[in-house]
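Structure record follows, encoded as structure tokens.
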Amino acid sequence: MATIGFIGLGNMGGPMAANLAKAGHSVQAFDLSAEALAKAVEAGCQSMSSAVDAAQGADVVITMLPAGKHVKSLLMNADVALFDCVPEGTLVIDCSTIDAQTAREVAAAAATKGIHFIDAPVSGGVGGAQAGTLTFIVGGDAQQYAAAKPILEAMGKNIFHAGDHGAGQVAKACNNMMLAILMAGTCEALNMGIKNGLDPAVLSDIMKQSSGNNWALQVYNPVPGVMENVPASRDYQGGFQVDLMFKDLGLAMDISQQSACATPMGSAARALFNLHKSQGNGHLDFSSLIRLYQ
Ligand code: NAD
């Protein structure tokens, strides 16, 4: 079993760290939020007073932070940057969703110090993080992937090697652009059915058994009351925030621009989430997009 420094214990990082502790790893946890840290301690992690403390003596350091600027600052640019504190040979796994360019820059900076850095963004949402069934999408070399896999298996079910550094983030951006498009389409279709007198639960069942079937209908219905244990049924609290989806669509649009790749549907989805966010809904789960239609 390994000693793991875990930094960023939010909606995703909290349950991920808990699963590592449950698997028998020694987890040295840190978050800027005292509340998040307290929850991790309840789940069997050790509370550390800084990110640098969390990384002390760790074989592996995992970060689960909001965006690229947080990751870069913590690892490379902070007054006491983590890359200046961890010994050569340490494996640093960033599970945050960030831009591929930053992931490549951070990997290159790590390599100059003999530190192994891989991007390993996840899919599966808070439910997947709690159940330990996340999908991990790794960018890094084959040796780094092999070293990370047994650790990631304590938190996930499907571990993919997408390619070299940054490839995990590119694959994640493709996936989340697709997710935004299908959630917008699902909200649009359900809203039209409701406005025309259909019961959303019945319409959802019909579409699940028809060609409109998709992940949102299966596990993340956006209409309150249709499914238990989804954000829609708790006033869109928890889950995956509109702000984070909007960030991910920005990452997808950056890739689209840099590679001159047409993404008209992704661009439309980004405009919808932007409008929803601008109406004060950034902190709500992304399935709350249905309110924009209502
Ligand atoms: P969150 O806002 O709930 O958690 C982020 C945590 O990081 C917070 O607790 C915050 O206090 C902490 N933090 C920020 N800066 C820090 C620092 N310098 N040191 C220590 N802690 C710091 O976000 P989340 O929903 O857990 O998402 C985290 C990442 O995972 C994001 O990149 C997001 O895009 C991605 N993601 C989220 C989901 C989801 O369903 N929520 C799914 C897949 C991927």
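Numbering-wise, my numbering puts 190 at position 206 of the sequence shown, and it's gapless, one number per residue. By construction, the Cβ of each residue, glycine as well, lies at the ideal position given by its N, Cα and C atoms. The structure displayed is predicted, hence computed values, not measured ones.
- Query: Between G111, N142 and Y129, which lies nearest to H100 when the distance is taken from Cα to Cα?
  - Reply: Y129
- Message: Please report the distance separating the alpha-carbon of K56 from that of A91.
- Response: 10 Å
- Residues that S78 bridges to, as DSSP identifies them: It should be noted that the sequence gives Asp, not Ser, for residue 78. T47 and D103, per the DSSP bridge assignment.
- Task: Please state whether DSSP places N159 in a helix, a strand or coil.
- Result: helix
- Message: Quick check on DSSP: helix, strand or coil for S10?
- Response: strand
- Query: Residue range of the alpha helix (DSSP H) that N258 falls in?
  - Reply: P248 to H260
- Task: Identify which residue in I239, A168 and A200 has its Cα closest to the Cα of A155.
- Result: I239
- Query: Can you name the start and end residues of the alpha helix (DSSP H) that H54 belongs to?
  - Reply: G52 to K56
- Query: Where G(-8) and A146 are concerned, what is the direct C-alpha to C-alpha distance, given to the nearest angstrom?
  - Reply: 24 Å
- Item | Backbone CA spacing between G(-3) and D227 [nearest angstrom] | 17 Å
- Message: Using 8 Å as the threshold, is the C-beta distance between V253 and L233 below it?
- Response: Contrary to the premise, residue 253 reads as Ala rather than Val in this sequence. Yes; because the gap between Cβ atoms is below 8 Å, this pair is in contact.
- Since L201 is in the alpha helix (DSSP H), which residue starts that stretch and which ends it? W199 to V203
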